[in-house]
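Before any comments, here is the structure.
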Amino acid sequence: MSSAYVTRLLFDPNHESFIVVKKTLGEYEVVDGCCYRSFLERRFTEIAFLAVWGTQQVRGYGARLMDYNKERVNQPRLTHVLTCTDNNAVPYFAKQGFNTEISLPQHRWHSYVKAYDGVTLMECVLLSQFNYLNVPMLLKAQTMGVVENLKQVSASHIVHPGLDGRSKKGICVRDIAGLRHQAGFERHQRRNSEQERAEKHVHHAHLQRVLEELKKHECVWPFLCPVDTEDTGAND
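Note that the sequence shown ends on residue 425 in this note's numbering; no numbers are left out.
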């Protein structure tokens with residue numbers, strides 16, 4: 190792809206471009222940029238170029254650039270974003286919500302999207318009611334919601350005092366804060382012994398039935414009787 194061709198697209202009045210700049214040591218440097226064209230009558234936007242400076246990759250700039258691009262073109266008349274991405278960049282676009290299954294009817298985009306050798310056509314469906322610039326805050330809110338729900342069924346968020354490593358005496362597990370409850374010691378002490386025996390009897394009877402069924406299977410014969418130690422030379 191020649192520089193003349195890239196320059197012609199960048200300065201084409203039908204295309205729009207924007208860049209992200211970062212201030213480093215008092216000077217501004219370009220981090221990444223995007224060039225795109227919207228086809229309102231065909232209801233899609235094509236990303237012609239998108240690049241992130243090599244030293245600034247894997248730092249979130251590319252994701253922020255894509256969120257800004259989606260929000261910039263997000264309107265009821267535009268429902269899809271298409272791009273022919275370099276095969277090496279497919280994982281990046283997949284993380285940004287693109288996939289190779291094109292749902293937009295082919296007659297809308299065929300011969301309009303620029304295709305090159307060694308590229309993959311990918312698509313992202315836009316949600317007009319969604320603000321893509323709020324993605325970080327939305328993900329943070331969802332994560333906090335999951336954490337709060339986990340606290341209702343787990344005690345992993347409770348921090349107990351540490352053990353005294355200077356003690357030369359052994360520590361009984363029943364005396365370790367937190368472990369006493371999680372291991373079931375407290376529940377065990379509260380249970381009625383008669384009820385416990387009844388439950389053990391039920392579990393034992395169930396496991397016994399399972400064992401009897403296993404013994405009837407034709408493939409378990411090697412496990413029914415212990416191996417003769419005289420044949421193996423094994424000692425207990």
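For every residue, glycine included, the Cβ atom is placed at its ideal position computed from N, Cα and C.
Legend entry - Rounded straight-line distance, which links the Cα of N323 to that of L339: Against the sequence shown, residue 339 aligns to sequence position 150. Against the sequence shown, residue 323 aligns to sequence position 134. Answer to the nearest angstrom: the Cα atoms are 24 angstroms apart.
Inset, instruction - Grab the span of the alpha helix (DSSP H) containing H296 for me, first residue to last. - result: Position 107 of the sequence shown holds residue 296. Segment 295–298, the alpha helix (DSSP H) holding H296.
Inset, instruction - Assign T196 to buried or exposed, taking buried as 16 or more other Cβ atoms, counted over all protein chains shown, within 10 Å of its Cβ. - result: Translated into the one-based positions of the sequence shown, residue 196 becomes position 7. Result: exposed.
Inset, instruction - Can you tell me which of the three DSSP states L339 falls into? - result: Here residue 339 is taken as the residue at index 150 of the sequence shown, counted from 1. Looking at L339 - three-state DSSP - the assignment turns out to be helix.
Legend entry - A406 burial status per 10 Å Cβ neighbour count (16 or more: buried): If you number the sequence shown from 1, residue 406 lands on position 217. This sequence places His at residue 406; Ala is not what is there. So H406 counts as exposed.
Legend entry - Buried versus exposed call for A387 [16 or more other C-beta atoms within 10 Å across all chains shown]: For this step, residue 387 is matched to residue 198 along the sequence shown. A387 comes out exposed.
Legend entry - For I208: DSSP bridge partner residues: For the purposes of this step, residue 208 is identified with residue 19 of the sequence shown, where counting begins at 1. Answer is G222, bridged to I208.
Inset, instruction - May I have a chain-ordered list of the alpha helix (DSSP H) segments no shorter than 4 residues that lie completely inside the region 270–322? - result: List check, alpha helix (DSSP H) in window: 279–284, 295–298.
Inset, instruction - Determine which residues share a DSSP beta bridge with Q264 and list them. - result: Taking the sequence shown and counting its residues from 1, the one referred to as residue 264 is at position 75. According to DSSP, Q264 bridges with L267.
Inset, instruction - Verify whether the separation of the beta carbon atoms of V302 and E218 is less than 8 angstroms. - result: Counted from its first residue, the sequence shown places residue 302 at position 113. Counted from its first residue, the sequence shown places residue 218 at position 29. For V302 and E218, no; Cβs fall outside 8 angstroms.
Legend entry - 8 angstroms CB neighbourhood of N203 in its chain, flanking five on each side removed: The count along the sequence shown starts at 1 and reaches residue 203 at position 14. R226, listed in sequence order.
Legend entry - Candidates P294, L199, S191, of which the one nearest T268 by Cα: In the sequence shown, the residue the question calls residue 268 occupies position 79. For the residues P294, L199, S191, the minimum Cα distance to T268 belongs to P294.
Inset, instruction - Tell me, please, whether the region 262–282 touches the region 333–350 by the rule of three or more beta-carbon pairs shorter than 8 angstroms. - result: no
Inset, instruction - Specify the secondary structure class of F228 as computed by DSSP and reduced to three states. - result: For the purposes of this step, residue 228 is taken as residue 39 along the sequence shown, with counting starting at 1. F228 falls in the strand class under three-state DSSP.
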